[in-house]
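When you read off a place in the sequence shown, starting at 1, and then add 1220, the result is the number in our numbering. Virtual Cβ for every residue (Gly too), placed ideally from N, Cα, C. Just so you know, these numbers come straight off a predicted model, no measurement behind them. What follows is one structure encoded as structure tokens, with my remarks underneath.
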Amino acid sequence: MFDGDGQSRWFTHPQKGEYLFRVSKDVFSIYEWSDLLLVSSIAVSAENLFGRLAPLHHTQYFATVSDSLGRPVEATKANNKTHAGYRGIQIWDSSDLDKPSAQPKPTHTLDRALASEIEHIIGAFGVRMVFYTTDHWIASVDLQAPAAKGIKLPRLPAVEQE
1221 MFDGDGQSRW FTHPQKGEYL FRVSKDVFSI YEWSDLLLVS SIAVSAENLF GRLAPLHHTQ
1281 YFATVSDSLG RPVEATKANN KTHAGYRGIQ IWDSSDLDKP SAQPKPTHTL DRALASEIEH
1341 IIGAFGVRMV FYTTDHWIAS VDLQAPAAKG IKLPRLPAVE QE
């Protein structure tokens, strides 16, 4: 029934619960929940390709990430693990994908310096994307203007459970 690429991810449309998104590396597809009938399929341009989906559990936005940088940052004394951030993070507005005539593109793309500091995207809280940093802090950026000048990253220490 579906092409099995092993890398597609499914999630409920953030604004329309009767639809499902199927996200793969180069295509956004929208299906009806009731019978999995394909409603529309939109190709992603080459400059907006991504590695995987990062659901934010937000009513409007979701994120995609490019592959990890591949260059681990310095190991921490606490756990001797090395961590690498992402090459890029794109924030998408789900309502843009409801327009089949438009070429989808991210609403915002986090700059590479910031993306490289993010180890894991936790989700959304209000209008902020919350994430775990490579130096073991919890931080957030505004979903509507993540690249704003003078951005402040409020940080909270992350406590590891033993």
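In the three-state scheme derived from DSSP, where H, G and I count as helix and E and B as strand, Asp-1362 is classed as strand. In the same chain as Val-1259, and ignoring 5 residues on each side of it, the C-beta atoms closer than 7 angstroms to its own belong to Tyr-1239, Ile-1250, Tyr-1251 and Glu-1252, in chain order.
Minimum Cα-Cα distance from Asp-1313 among the listed residues Arg-1272, Leu-1276 and Trp-1230 corresponds to Leu-1276. Contact between Gly-1308 and Ser-1286 is confirmed by a C-beta separation of about 4 angstroms, below the 8 angstroms threshold. Thr-1329 and Lys-1236 have their C-alpha atoms some 24 angstroms from each other. Taking all protein chains shown into account, Thr-1354 has 16 or more neighbouring C-beta atoms within 10 Å of its C-beta and is therefore buried. Residue state for Ser-1244 is assigned as coil, using DSSP reduced to three classes. DSSP places Arg-1307 in the coil class of the three-state scheme, outside both helix and strand.
Judged by their CB atoms, Leu-1334 and Pro-1324 are not nearer to each other than the 7 angstroms cut-off.
Within the same chain, Val-1247 and Ser-1249 come within 7 angstroms of Ser-1261 by CB-CB distance, once the 5 residues on both sides are set aside. Counting only residues of its own chain and dropping the five nearest sequence neighbours on each side, Val-1243 has a CB closer than 6 angstroms to the CB of Arg-1229 and Leu-1273. Here the alpha carbons of His-1356 and Arg-1348 stand approximately 19 angstroms from one another.
Residue nearest to Ile-1338 within the set Gly-1346, Ile-1358, Pro-1326 and Thr-1327 is Ile-1358 (criterion: CA-CA distance).
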